[in-house]
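Taken in order, these protein sequences are the chains called B, H, C and D. Residue numbers for the first sequence follow my numbering, beginning at 1 and rising by one. Residue numbers for the second sequence follow my numbering, beginning at 1 and rising by one. Residue numbers for the third sequence follow my numbering, beginning at 1 and rising by one. Residue numbers for the fourth sequence follow my numbering, beginning at 1 and rising by one.
There are 4 protein chains.
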Amino acid sequence: MEKLVRGLRHFQTDYFSKHQDLFQQLSLGQHPRVLFITCSDSRIDPNLITDADPGELFVIRNAGNIIPPYGATNGGEGAAIEYAVQALGIKDIIVCGHSHCGAMKGLLKLDKLEEEMPLVYEWLKEAEATRRLVKENYSNLTGEDLLSITIAENVLTQIENLRTYPVIHSKLRQGKLHLSAWVYHIENGKVFAYDAVRHEYVAPSSPLEPLDPEELLPNSIGHPASWLSPEQAHRIYRGSYHHQTLKS
Amino acid sequence: MEKLVRGLRHFQTDYFSKHQDLFQQLSLGQHPRVLFITCSDSRIDPNLITDADPGELFVIRNAGNIIPPYGATNGGEGAAIEYAVQALGIKDIIVCGHSHCGAMKGLLKLDKLEEEMPLVYEWLKEAEATRRLVKENYSNLTGEDLLSITIAENVLTQIENLRTYPVIHSKLRQGKLHLSAWVYHIENGKVFAYDAVRHEYVAPSSPLEPLDPEELLPNSIGHPASWLSPEQAHRIYRGSYHHQTLKS
Amino acid sequence: MEKLVRGLRHFQTDYFSKHQDLFQQLSLGQHPRVLFITCSDSRIDPNLITDADPGELFVIRNAGNIIPPYGATNGGEGAAIEYAVQALGIKDIIVCGHSHCGAMKGLLKLDKLEEEMPLVYEWLKEAEATRRLVKENYSNLTGEDLLSITIAENVLTQIENLRTYPVIHSKLRQGKLHLSAWVYHIENGKVFAYDAVRHEYVAPSSPLEPLDPEELLPNSIGHPASWLSPEQAHRIYRGSYHHQTLKS
Amino acid sequence: MEKLVRGLRHFQTDYFSKHQDLFQQLSLGQHPRVLFITCSDSRIDPNLITDADPGELFVIRNAGNIIPPYGATNGGEGAAIEYAVQALGIKDIIVCGHSHCGAMKGLLKLDKLEEEMPLVYEWLKEAEATRRLVKENYSNLTGEDLLSITIAENVLTQIENLRTYPVIHSKLRQGKLHLSAWVYHIENGKVFAYDAVRHEYVAPSSPLEPLDPEELLPNSIGHPASWLSPEQAHRIYRGSYHHQTLKS
Chain B
1 MEKLVRGLRH FQTDYFSKHQ DLFQQLSLGQ HPRVLFITCS DSRIDPNLIT DADPGELFVI
61 RNAGNIIPPY GATNGGEGAA IEYAVQALGI KDIIVCGHSH CGAMKGLLKL DKLEEEMPLV
121 YEWLKEAEAT RRLVKENYSN LTGEDLLSIT IAENVLTQIE NLRTYPVIHS KLRQGKLHLS
181 AWVYHIENGK VFAYDAVRHE YVAPSSPLEP LDPEELLPNS IGHPASWLSP EQAHRIYRGS
241 YHHQTLKS
Chain H
1 MEKLVRGLRH FQTDYFSKHQ DLFQQLSLGQ HPRVLFITCS DSRIDPNLIT DADPGELFVI
61 RNAGNIIPPY GATNGGEGAA IEYAVQALGI KDIIVCGHSH CGAMKGLLKL DKLEEEMPLV
121 YEWLKEAEAT RRLVKENYSN LTGEDLLSIT IAENVLTQIE NLRTYPVIHS KLRQGKLHLS
181 AWVYHIENGK VFAYDAVRHE YVAPSSPLEP LDPEELLPNS IGHPASWLSP EQAHRIYRGS
241 YHHQTLKS
Chain C
1 MEKLVRGLRH FQTDYFSKHQ DLFQQLSLGQ HPRVLFITCS DSRIDPNLIT DADPGELFVI
61 RNAGNIIPPY GATNGGEGAA IEYAVQALGI KDIIVCGHSH CGAMKGLLKL DKLEEEMPLV
121 YEWLKEAEAT RRLVKENYSN LTGEDLLSIT IAENVLTQIE NLRTYPVIHS KLRQGKLHLS
181 AWVYHIENGK VFAYDAVRHE YVAPSSPLEP LDPEELLPNS IGHPASWLSP EQAHRIYRGS
241 YHHQTLKS
Chain D
1 MEKLVRGLRH FQTDYFSKHQ DLFQQLSLGQ HPRVLFITCS DSRIDPNLIT DADPGELFVI
61 RNAGNIIPPY GATNGGEGAA IEYAVQALGI KDIIVCGHSH CGAMKGLLKL DKLEEEMPLV
121 YEWLKEAEAT RRLVKENYSN LTGEDLLSIT IAENVLTQIE NLRTYPVIHS KLRQGKLHLS
181 AWVYHIENGK VFAYDAVRHE YVAPSSPLEP LDPEELLPNS IGHPASWLSP EQAHRIYRGS
241 YHHQTLKS
């Protein structure tokens with residue numbers, strides 16, 4: 001706590017004094033471009049890992065970066081989403097999971113939490129779609145592999161849940177909103193983004209800036225810049241979005 | 001009521017006596033292949049319009065063929081879905097809306113319902129994602145055109161909501177479940193199915209049975225066997241599933 | 001699925017083409033006379049077993065033909081009831097259970113469902129009134145006998161629950177609404193209706209059409225055309241409906 | 001979005017590469033000392049304003065830094081609180097509001113939000129305790145003054161709400177947990193903390209580090225380093241915190 005108070009003064013005398021114009025401008029209003037949804041985990045600093053200035057990221061943080069389906073809960077998640085899209089006109093939403101996520105570890109041993117942490121238990125049941133998918137589709141995995149795939153699939157679950165919010169549902173139809181699924185790796189500082197065409201988590205790209213060619217070139221394993229093993233990626237590929245098209 | 005009682009006897013002496021073997025077999029257990037979700041509207045008879053025998057369709061019927069997102073309500077919808085997929089192993093789910101739908105008419109004048117029919121009002125708020133999308137994307141439409149597009153979009157909303165149910169979320173990943181969006185037209189007896197590739201409602205096909213070539217040939221308007229006008233279809237096309245892929 | 005698509009065409013070329021006038025008329029509006037509440041079970045086809053044409057039955061279907069008491073849930077059941085009675089002016093409501101009901105089997109082994117089918121588990125808890133009544137009043141029964149009485153009592157439970165809906169409560173007082181309790185037997189195609197005077201499930205009659213005299217004559221057991229044994233019928237009499245009046 | 005992707009790379013090549021040891025250590029587990037609850041507002045960067053490294057702050061962010069009383073909602077707030085205190089053993093919780101808060105502006109014109117942003121409307125009703133206190137105690141204020149006092153009082157409301165969580169309630173009794181109320185001023189980069197002895201928001205201090213003597217000396221207004229006017233500060237004193245002890 002003492003360190004934080006010293007930090008407040010350091011911020012004022014250092015960063016703030018150098019960027020007074022920015023803060024003066026920000027005091028007139030915020031115009032963030034991105035809604036960044038991530039975990040409460042202390043090891044994630046959204047602005048740091050994206051090198052974003054104050055004013056750029058509208059942020060929701062809870063345990064496990066979980067966004068329950070529309071109407072399923074009445075906590076702060078829905079209001080922040082609605083405010084971001086409706087009032088601020090934000091057009092990019094990123095759900096960012098992370099390696100070594102304690103919430104996802106909890107999801108994999110859910111029964112043990114009911115007694116000791118009932119609120120965590122109830123909240124993680126909002127990620128039942130993740131738990132069930134992992135249980136039924138990755139029964140061969142254990143330990144770190146199981147945790148990694150749970151983290152990866154959970155972000156995709158939240159993307160699906162986001163689609164059920166009226167304000168998002170409507171903007172998606174108009175092509176005025178983009179949803180991105182990211183996973184941040186604490187140990188190497190890398191972020192991987194879900195590529196819905198390749199059905200893999202890969203180094204993120206952007207329409208206006210081509211991927212680094214080196215990252216596009218297949219490596220010896222054949223999955224360039226991919227995070228999961230080819231086998232894991234294949235599972236996601238076949239499972240996750242292959243059958244997204246409606247059979248008519 | 002008298003007519004129904006007479007009908008019961010007619011069923012016994014006519015249909016039942018001719019199909020005793022079927023009913024004998026059905027008394028041992030049900031093995032339906034399809035979960036058919038449709039409106040309570042009296043003008044829809046799921047078995048009649050699909051020429052399905054008893055035992056083929058597991059049926060959910062409510063006002064407006066609405067399936068709230070997972071966790072949003074605690075009515076019978078979720079249980080029937082879970083039972084169909086988990087206990088019965090059903091692999092095909094059809095959400096079937098219909099023309100002249102009273103529930104969708106109500107959705108378009110929602111405010112007027114709060115006083116007179118509070119339960120209908122509350123229930124239709126579960127279709128807020130449809131209402132908002134229509135309001136924001138089809139502001140130029142009125143009357144029958146507006147109703148038609150609302151009916152069509154509402155079925156697609158429910159398809160998205162279905163994806164949030166854990167049991168569906170998981171099976172979709174495994175490619176063991178297919179979701180279909182249908183609209184039944186009372187006035188001409190036709191059913192149109194959403195084609196996620198063409199982004200239109202068209203005459204339904206099946207993998208094993210090719211579409212009637214005549215239906216595949218473009219007509220003078222250029223939209224063969226399509227239900228909505230080219231303009232409307234184009235709106236759905238651009239709006240609905242164009243941007244379904246995740247931007248990474 | 002392919003069969004269904006073929007069925008759609010068969011419906012159009014056969015039934016629809018022969019009844020175009022009916023469907024043309026129906027496209028102008030629905031005027032059903034009966035709200036028919038039954039199970040999602042695939043073996044039940046309400047229109048088939050009552051020989052009803054399209055337009056005659058407004059239908060609610062969920063797992064176990066359960067209608068929770070007013071206010072207990074926020075699913076689609078209440079809205080469909082309100083719409084049927086208030087907007088459509090329906091004056092007859094039938095709750096129709098059926099033999100071999102999977103939901104009622106589940107109710108008799110509820111604890112085993114919590115893990116595997118949590119939504120079914122939660123939904124069946126809405127039929128706790130049935131479960132408790134059966135547990136406390138039919139402790140001597142097992143197997144098929146227990147299931148039969150559970151199915152029969154459950155329909156009566158739902159009749160009581162229906163009475164709690166404001167729109168029904170009010171119309172009942174005015175004598176403008178009639179509630180009927182039916183059980184459909186898959187194996188013999190028969191429907192039995194609860195007779196509140198005789199306190200038994202018997203072949204249904206109607207005020208305008210006298211019962212078949214043969215059915216009115218006591219048989220050797222003394223319970224003509226009755227479904228349950230005299231002992232079971234007696235239990236229902238004492239247990240649940242002494243003070244209630246049902247139109248059958 | 002392109003800027004963020006470039007930012008990810010900048011973070012890796014710059015900050016991460018310089019602090020690899022820190023991240024390597026963090027990948028083994030998190031041991032944050034503080035639960036930092038603040039608004040989703042893009043202009044707040046908790047780590048920046050406290051000069052905190054990754055791993056130091058466990059963060060909850062939602063619209064308006066609102067923590068509903070225990071049991072009032074089932075969103076992510078409760079779970080993150082429970083996890084922070086129970087699983088991570090955190091002993092300091094800070095609720096940090098901020099100037100120019102859009103959520104608090106919304107709270108002051110709540111009725112206008114119901115139609116356009118229903119989820120925001122519902123969420124802000126969780127801050128009704130703030131709204132009512134302000135309405136009944138600061139009826140003479142308008143404009144910026146009213147907004148400032150609302151922001152200040154709202155943080156204190158959330159401190160009271162936090163006390164209702166079982167895990168916090170118990171630790172407070174044991175003296176093992178401290179709650180702090182902060183308000184961050186975007187325009188000047190300063191943070192003010194509620195001082196429960198002086199009943200004012202003042203520059204925060206810490207037990208281990210004496211306050212800057214200059215800040216302790218009364219200024220001409222008589223309220224050194226205080227944010228609100230003496231009148232406002234006095235109102236807070238009488239209105240909300242006479243009998244409470246907060247560590248600042």
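Even for Gly, the Cβ is constructed at its ideal location relative to N, Cα and C. As the structure is a computational prediction, the values presented were derived from the model and not from experiment.
Using a Cβ-Cβ cut-off of 9 angstroms, residue 62/C is close to 60, 61, 62, 75, 76, 77, 79, 80 of chain H, given in chain order. About 11 angstroms separates the Cβ atoms of residue 122/B and residue 71/H, ruling out a contact at the 8 angstroms cut-off. Sequence-distant partners of residue 155/D (beyond 5 residues in either direction) whose C-beta falls short of 8 angstroms from its own C-beta, in its chain, are 65, 95, 96, 97, 181, 182, 183, 194. The beta carbon of residue 186/C falls within 7 angstroms of a beta carbon belonging to chain H, placing the residue at that interface. A Cβ-Cβ contact shorter than 7 angstroms links residue 179/B with residue 93/B.
Taking every protein chain shown into account, the CB of residue 139/D has fewer than 16 other CB atoms within 10 angstroms, so this residue is exposed.
Annotated as distal: residue 23/B and residue 51/D, with beta-carbon spacing of 7 angstroms or more. Scanning chain D for C-beta atoms nearer than 7 angstroms to the C-beta of residue 52/B yields 4, 7, reported in chain order. Annotation: the continuous alpha helix (DSSP H) that includes residue 130/B extends over 128 to 137. With a 10 Å radius around the Cβ and a threshold of 16 neighbouring Cβ atoms, residue 197/B comes out exposed. Neighbours of residue 15/C in chain H, taken as residues whose beta carbon is under 7 angstroms from its own, are 48 in chain order. Residue environment: residue 102/H is assigned as buried (16 or more neighbouring CB atoms within 10 Å of its CB, all protein chains considered).
Nearest Cα to residue 167/H within the set 53/B, 31/B, 129/B: 129/B.
Ranked by Cα distance from residue 40/C, the first of 85/H, 169/H, 107/H, 157/H is 85/H. With distances taken between CA atoms, residue 30/B lies nearest to 57/B out of 79/B, 199/B, 17/B, 57/B. Residue-level contact check: residue 23/B touches chain D, since one or more beta carbons of chain D fall below 7 angstroms from its beta carbon. Interface criterion met: the Cβ of residue 70/B is under 7 angstroms from a Cβ in chain H.
With its beta carbon less than 7 angstroms from one in chain H, residue 11/C belongs to the interface. Taken atom to atom, the span from the alpha-carbon of residue 7/D to that of residue 1/B is near 30 angstroms. Annotation for residue 131/B: 107, 110 place their beta carbon closer than 7 angstroms to its own, counting only its chain and skipping 5 residues before and after.
Residue 14/H is classed as exposed because its beta carbon has fewer than 16 other beta carbons within 10 Å across all chains shown. The Cβ neighbour count for residue 45/H, taken over all protein chains shown within 10 Å, is at least 16; the residue is labelled buried. Listed in chain order, the non-local C-beta contacts of residue 165/C below 6 angstroms within the same chain comprise 70, 81, local neighbours out to five positions each way being set aside.
Shown in chain order are the members of the region 137 to 171 of chain B whose Cβ falls below 9 angstroms from a Cβ of chain H: 137, 153, 156, 157, 159, 160, 161, 163, 164, 165, 166, 167, 168, 169, 170, 171.
Counting only runs of 4 or more residues that sit fully inside the region 11 to 81 of chain D, the alpha helix (DSSP H) segments are 20 to 26, 46 to 49, in chain order. Runs of the alpha helix (DSSP H) lying entirely within the region 146 to 219 of chain H, each at least 4 residues long, are 166 to 173, 213 to 216 in chain order. Beyond the five residues adjoining it in sequence on each side, residue 143/B comes within less than 8 angstroms, by CB distance, of no other residue in the same chain.
Taking 7 angstroms as the cut-off, the Cβ atoms of residue 74/B and residue 73/D count as close. Chain order gives no chain D residues near residue 111/B, where near means a beta carbon separation below 9 angstroms; the closest approach is about 16 angstroms. The beta carbon of residue 55/D sits closer than 7 angstroms to some beta carbon of chain B. The criterion of a C-beta distance shorter than 7 angstroms is not satisfied by residue 150/H and residue 117/H.
The distance from the Cβ of residue 170/B to that of residue 136/H is about 5 angstroms, consistent with a contact at the 8 angstroms cut-off. If you draw a 10 Å sphere on the C-beta of residue 42/D, you find 16 or more other C-beta atoms in it, and that means buried.
Taking C-alpha positions only, residue 201/H is separated from residue 190/H by approximately 12 angstroms. DSSP places residue 89/H in the coil class of the three-state scheme, outside both helix and strand.
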